[in-house]
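**Q**
In UniProt numbering, the protein residues as written are 1 to 260.
Laid out in structure tokens, this is it:
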């Protein structure tokens, strides 16, 4: 680029920026309210605003009251300190549609004058996918009914739906904390509402049994159907079988009489 004339360099740079997939703006903090003095074409495509509509305005017009105030504060703090910052904001296009904007702001000094360059990436798809994962995790926790205290040192939890490895790991963690906090000696896991596609989830229940045993707590599996009982008979190691019962009432009676 050193062999090009200054005007040619500027033209080439502008073409490079306009051809980028990243929206770019430049603001001038020496002017009142740090207005926009440049936008590239990707910004226009992303937001629906033409350059002529936004020059001279602070870029907060992309925000609304729903935009996270903590993220907005990070921007203000960074600009006041003349520092770079990266935030993800809830922004709005000209037509009112929402998009999630990953904004990176970097201070740049040119011939003694300070400017801020803001690069913006539409991460709406990424954000929505992450949100869906979070909702699925919450759904898993909701499907797994709360741990209930039946009486002193006795607790029960009912499993509903299909138990994946992730759900078993979550249950082990949840039970361990509860047992330790409440000093539980007997745990009833009811599998009446549980279904499985590839055989009874024996290994998951054995893992729970072994963890609870280390804590001095006994596990009873209730709600065992005749079909499940037959599967268990062929699957489990008879030297360390699960204690299984058809109902919680039977398991309660057994725990009160003591383990033989």
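Positions of the beta carbon are idealized from the N, C-alpha and C atoms, including for glycine.
On the CB-based measure, 16 or more other CB atoms within 10 Å of its CB, does residue 169 come out buried or exposed?
**A** exposed
**Q** With C-beta atoms as the reference, is residue 317 less than 9 Å away from residue 63?
**A** Residue numbering for the chain in the displayed model covers 1 to 260; residue 317 lies beyond these limits and cannot be assessed.
**Q** Which residues bound the alpha helix (DSSP H) around residue 178?
**A** Counting along the chain, the alpha helix (DSSP H) containing residue 178 begins and ends at 165-182.
**Q** Are the region 151-160 and the region 113-121 touching, with three or more C-beta to C-beta distances below 8 Å?
**A** no
**Q** Residue 26 to residue 37, Cα distance in whole Å?
**A** 6 Å
**Q** CB-CB under 7 Å to residue 54, same chain, minus the five flanking residues each way: which ones, in chain order?
**A** 36 and 39
**Q** Using a threshold of 9 Å, state whether the C-beta atoms of residue 42 and residue 67 are closer than that.
**A** no
**Q** Output needed for residue 223: all residues of its chain with C-beta closer than 6 Å, excluding positions within five of it in sequence on either side, in chain order.
**A** Within the same chain, residue 223 has close Cβ partners 190, 191 and 192.
**Q** Using 9 Å as the threshold, is the C-beta distance between residue 163 and residue 251 below it?
**A** no
**Q** Compare the beta carbon distance of residue 242 and residue 219 with 9 Å and say whether it is the shorter of the two.
**A** yes
**Q** Apply the 10 Å Cβ neighbour rule to residue 205 and answer buried if 16 or more other Cβ atoms are within range, or exposed otherwise.
**A** Per the 10 Å Cβ criterion, buried.
**Q** Using three-state DSSP, classify residue 217 as helix, strand or coil.
**A** coil
**Q** Could you check the C-alpha separation between residue 48 and residue 105 for me, to the nearest Å?
**A** Computed Cα separation, rounded: 21 Å.
**Q** For residue 209, count neighbouring Cβ atoms within 10 angstroms of its own Cβ and tell me buried if that reaches 16, exposed if not.
**A** buried
**Q** Quick one, which of 149, 82 and 22 has its alpha-carbon nearest residue 103's?
**A** 22
**Q** Name the two residues that bound the continuous alpha helix (DSSP H) containing residue 43.
**A** 41-47
**Q** Anyone know if the C-beta pair for residue 79 and residue 29 falls short of 9 Å?
**A** yes
**Q** Note down, in chain order, each residue of its chain lying with its Cβ closer than 7 Å to the Cβ of residue 82, except the 5 sequence neighbours on either side.
**A** 107 and 114
**Q** In whole angstroms, give me the CA-to-CA distance for residue 215 and residue 249.
**A** 24 Å
**Q** Can you look up residue 82 in the DSSP assignment and give me helix, strand or coil?
**A** coil
**Q** Tell me the rounded alpha-carbon separation between residue 126 and residue 44.
**A** Roughly 21 Å between the two C-alpha positions.
**Q** Nearest CA to the CA of residue 46: which residue from 57, 31 and 100?
**A** 100
**Q** Tell me which residue opens and which closes the alpha helix (DSSP H) that residue 188 is part of.
**A** Note, residue 188: premise wrong, no alpha helix (DSSP H); beta strand (DSSP E) at 186-195.
**Q** When DSSP labels each residue in this structure, what does residue 130 get in the three-state scheme?
**A** helix
**Q** So, using beta-carbon positions, are residue 212 and residue 175 closer together than 9 Å?
**A** yes
**Q** Quick check on the burial criterion: 16 or more other C-beta atoms within 10 angstroms. Buried or exposed for residue 255?
**A** buried
**Q** Can you give me the start and stop residues for the beta strand (DSSP E) that residue 99 sits inside?
**A** Its beta strand (DSSP E) spans residues 98-110.
**Q** Can you give the Cα-Cα distance for residue 116 and residue 56, rounded to whole angstroms?
**A** 14 Å
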